[in-house]
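Visitor: In UniProt numbering, the protein residues as written are 1 to 235.
For reference, the structure I am asking about is given below.
Given below as structure tokens:
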């Protein structure tokens, strides 16, 4: 059984400098045109900071539930990995939770649970709009947490790693097994966070990397993008 934390550790051992996430933002708005690339080392740094925040600020661990109200995005990937690093459950619907992680300011303002307000822009140094009282402004505050992480507790294999629509996926089952070649380079433009997380985990378990395209891709440039990124499987 490989857990998400095992998969991240394996990437760091294999080649910490190799790109593992590449994200193109084609969504209308201020982030349109961004291209972000994260190596395993940089991805792990984000994961560790977020996991330390989850532990230190909210005492989250096995049995805790963290709602990820985010689009498929490189920031969604490290928040999901952070949730799994502390042994909590990533909630992908509007069910009960101990914390909400979202880029939606309205949802943040209305939430009865504690909130992390995420700003998707790569170089953001603070939220673009008002931050609800008591909420964490991720862009401003996450960098203050440590780069190294050690969990207080490990989840049992049977504990829920993902919860959505009344169904749970256990830690022992959350990393999909695919018969993909080692080093596969996946591309996806999915708008579904669950699908993006599953593809990322399966790709990384194959010692590969994932390219995310967000929003309406420019039709004329799709083939060029896939070729320039060395994509071997477009899903």
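Backbone N, C-alpha and C define an ideal beta-carbon position, used for all residues, glycine too.
Keep in mind it's a predicted model, so treat the numbers as computed, not measured.
Leaving out five residues before and five after residue 116 in sequence, what residues of the same chain have Cβ atoms less than 6 angstroms from its Cβ?
Guide: Residue numbering aside, residue 116 sits at position 116 when the chain shown is read from its first letter. Cβ within range, chain order: 101, 136 and 138.
Visitor: Please report the distance separating the alpha-carbon of residue 15 from that of residue 38.
Guide: Taking the first residue of the chain shown as position 1, residue 15 is located at position 15. Taking the first residue of the chain shown as position 1, residue 38 is located at position 38. Cα to Cα, the separation comes out at about 12 angstroms.
Visitor: Starting from residue 37 and walking both ways along the beta strand (DSSP E), at which residues does that stretch end?
Guide: Counting from 1 along the chain shown, the entry for residue 37 is found at position 37. Element bounds for residue 37: 35–39.
Visitor: Quick one: residues in its chain with C-beta nearer than 7 angstroms to the C-beta of residue 82, no 5 flanking neighbours on either side, listed in chain order?
Guide: Position 82 of the chain shown, counting from 1, holds the residue named residue 82. Counting only Cβ-Cβ distances below 7 angstroms, and skipping sequence neighbours, we find 47, 50, 51 and 54.
Visitor: At a Cβ threshold of 7 angstroms, is residue 187 touching chain C?
Guide: The structure shown contains no chain C, having only a single protein chain.
Visitor: May I ask you to verify whether the segment 26–42 touches the segment 59–66, counting CB pairs closer than 8 angstroms and requiring at least 3?
Guide: Cβ pair count under 8 angstroms is below three, so no.
Visitor: Using DSSP bridges, identify the partner residues of residue 116.
Guide: Mapped onto the chain shown, residue 116 falls at position 116. DSSP, once it has assigned bridges, lists 101 and 136 as partnering residue 116.
Visitor: Are the beta-carbon atoms of residue 21 and residue 74 separated by less than 7 angstroms?
Guide: Taking the first residue of the chain shown as 1, we reach residue 21 at position 21. Taking the first residue of the chain shown as 1, we reach residue 74 at position 74. Yes.
Visitor: If residue 4 sits next to residue 175, beta carbons under 8 angstroms apart, how far is it from one beta carbon to the other, in whole angstroms?
Guide: The residue labelled residue 4 in the question sits at position 4 within the chain shown. The residue labelled residue 175 in the question sits at position 175 within the chain shown. Correct: roughly 6 angstroms between the Cβ atoms.
Visitor: Specify the secondary structure class of residue 197 as computed by DSSP and reduced to three states.
Guide: As a working mapping, residue 197 is identified with position 197 in the chain shown. Helix, per DSSP.
Visitor: Are there three or more Cβ pairs, one per stretch, closer than 8 angstroms when the segment 206–225 is compared with the segment 25–32?
Guide: Enough Cβ pairs lie closer than 8 angstroms, so yes.
Visitor: Answer with buried or exposed for residue 188, where buried requires no fewer than 16 other C-beta atoms within 10 angstroms of its C-beta.
Guide: If you number the chain shown from 1, residue 188 lands on position 188. The residue is buried, with at least 16 neighbouring Cβ atoms inside 10 Å.
Visitor: Quick check: the Cα distance between residue 134 and residue 58, rounded to an integer number of angstroms?
Guide: Your numbering for residue 134 matches position 134 in the chain shown. Your numbering for residue 58 matches position 58 in the chain shown. Looking at the two C-alpha atoms, the distance is approximately 12 angstroms.
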